[in-house]
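Q: My numbering applies: residue 19 is where the sequence shown begins, and numbers increase by one. The C-beta atom is built at its ideal place from N, Cα and C for all residues, glycine as well. Fair warning: this is a prediction, and the values are worked out from it, not measured in the lab. What follows is a single structure, and I will ask about it in a moment.
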Amino acid sequence: MSKPVLLLISGSLRKGSYNRMLLAEAARAFGEAEMVEADLALPLYDGDLEEAEGVPEKVQDLAAQIKSADAIVIGAPEYNKGITGVLKNALDWVSRVPGGAFRDKPTVVISASAGRTGGETAQFMTLSCLTQLQARLVPGTAVLIAGAPDAFDADGRLKDEMSRKLLAERMARLRSELA
Ligand SMILES: Cc1cc2nc3c(=O)[nH]c(=O)nc-3n(C[C@H](O)[C@H](O)[C@H](O)COP(=O)(O)O)c2cc1C
Numbered sequence: 019m020s021k022p023v024l025l026l027i028s029g030s031l032r033k034g035s036y037n038r039m040l041l042a043e044a045a046r047a048f049g050e051a052e053m054v055e056a057d058l059a060l061p062l063y064d065g066d067l068e069e070a071e072g073v074p075e076k077v078q079d080l081a082a083q084i085k086s087a088d089a090i091v092i093g094a095p096e097y098n099k100g101i102t103g104v105l106k107n108a109l110d111w112v113s114r115v116p117g118g119a120f121r122d123k124p125t126v127v128i129s130a131s132a133g134r135t136g137g138e139t140a141q142f143m144t145l146s147c148l149t150q151l152q153a154r155l156v157p158g159t160a161v162l163i164a165g166a167p168d169a170f171d172a173d174g175r176l177k178d179e180m181s182r183k184l185l186a187e188r189m190a191r192l193r194s195e196l197a
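And the structure:
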C-alpha cells in the first residue's frame with residue numbers, strides 16, 4: 019500500500035488544545051502517513067440554512083476528507099461531561115452529506131481533558147454518534163489522558179509511559195486494519 023492518509027479531527031478549535039497535542043502524538047505513533055488535519059470551524063447546523071443554501075462548502079470539504087482518508091483519529095475533549103458542541107456540530111453536518119462519509123472507515127477516538135476521568139463520558143458519546151454514522155470503530159483499550167495540563171511536556175510529548183504505550187498499541191491496531 020502507498021502512504022496511507024491519516025485524518026486527524028480535533029473536537030477543540032483551540033490552537034493550544036491538549037487534544038490536538040494528543041492527536042500529534044497519535045500521528046507520530048501511527049508512523050509514515052500523509053497527515054491531514056480537519057477544520058471544524060463550521061457554521062452551526064441549521065435546517066433552514068441547509069434548505070436555503072445547501073450543505074456549506076466547508077462541510078462538503080470535510081466529508082470529502084473523511085471519505086478519502088484511510089484511517090481517522092478523533093480527539094474528543096469533554097465539556098460538561100459531554101461531547102463538545104464543535105465536534106457534535108461537525109458530525110451532524112457531515113451526516114447530512116449523501117454517501118455516508120464515515121461508513122466502514124477505520125476510526126479511533128482518543129481524549130485528553132483537565133478532569134480526572136480523561137474525558138471518558140465525551141469519548142463514549144462520540145463513539146455512540148460514530149456507531150450511528152457506521153464508522154468502523156477499531157477496538158482497543160481507551161486512551162484517556164486525565165489532568166491534561168500536566169500530562170504533556172514542553173515539546174507536547176506525553177509524559178506518562180503507560181499512556182504512550184496504550185496510544186502506540188491503539189495506533190498499531192488502527193494501522194493493521196487498513197485495507
Ligand atoms: C465549557 C467547558 C466545560 C468543561 N467541562 C469539563 C468536563 O466535564 N470534564 C473535564 O474533564 N474537563 C472539562 N473542561 C476542561 C477541559 O477538559 C479543558 O478545557 C481541556 O483543555 C479542553 O480540551 P482542549 O485542551 O483540547 O481544548 C471543560 C472546559 C470547558 C471550557
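Who are the near neighbours of R134 in its chain, counting only those whose CB is closer than 8 Å to its CB and skipping five residues on each side?
A: Closer than 8 Å at the Cβ level, and outside the excluded window around R134, lie A164, G165.
Q: Under a three-way DSSP split, which group does Y63 fall into?
A: Here Y63 sits in coil by DSSP.
Q: Is the closest heavy atom of ligand 1 to the C-beta of Y63 under 7 Å?
A: The answer is no for Y63.
Q: Between which two residues does the alpha helix (DSSP H) harbouring V112 extend?
A: 103-112 is the span of the alpha helix (DSSP H), which, as asked, contains V112.
Q: Can you list, in chain order, the residues of its chain whose CB lies under 7 Å from that of Q83, leaving out five sequence neighbours each side?
A: Only L25, V54, A56 meet the Cβ criterion.
Q: Is there at least one non-hydrogen atom of ligand 1 closer than 7 Å to the beta-carbon of R38?
A: Yes - ligand 1 has a heavy atom lying nearer than 7 Å to the Cβ of R38.
Q: Considering only residues of the same chain and omitting the five flanking positions on each side of G100, which have a CB-CB separation below 8 Å?
A: The residues are T139, A140, M143.
Q: What does DSSP give as the partner residues of A89 in its beta bridges?
A: Looking at the DSSP assignment, A89 forms a beta bridge with L24.
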